[in-house]
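Residue numbering for the sequence shown follows our numbering, starting at 2 and increasing by one per position. Beneath this line is the structure, given in structure tokens, with notes to follow.
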Amino acid sequence: MPTARLWMTTAIGAALATLAIGPPALAQVDLRVLRQQDEIRQQQEISRQSLLAAQREASAAQNRYNTQLTLRALDSAANPPTKPTLRPALPVVPPRGPDAADLAADAARIDALTDQRLAESNARLRAITPAY
2 MPTARLWMTT AIGAALATLA IGPPALAQVD LRVLRQQDEI RQQQEISRQS
52 LLAAQREASA AQNRYNTQLT LRALDSAANP PTKPTLRPAL PVVPPRGPDA
102 ADLAADAARI DALTDQRLAE SNARLRAITP AY
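Written out as structure tokens, the structure is:
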């Protein structure tokens, strides 16, 4: 019996020690694994971004090359004029907006209205009688 009891006490003590030490140790292992996985993912993302940048650069270089070929073809196809050419004459269009006579009439009307308002204002001032 004492052996069984000793064995039982030892088993319970070992189980308690495992429970006390186990979770923190497992948590550390889990964190290390997570950190390693994150580092791997980060390296993969960096590689993917580098590959995309290289593809964009290659595409841009190809587009520049195609543009140069097109421009060369256009330059070689263009025929320089043998003599100078003049621009075509612009069509005669009447000027827009009021002409000088309309502007002069408007100025005369503004002057007449200003004189009329000034006369009315002077009449009101003369109508005021001082209080003695």
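Just so you know, even glycine gets a beta-carbon here, dropped at the ideal spot from N, CA and C.
Which of helix, strand or coil does DSSP assign to residue i?
{"i": "leucine 91", "result": "coil"}
{"i": "tyrosine 66", "result": "helix"}
{"i": "aspartate 100", "result": "coil"}
{"i": "isoleucine 129", "result": "coil"}
{"i": "alanine 79", "result": "coil"}
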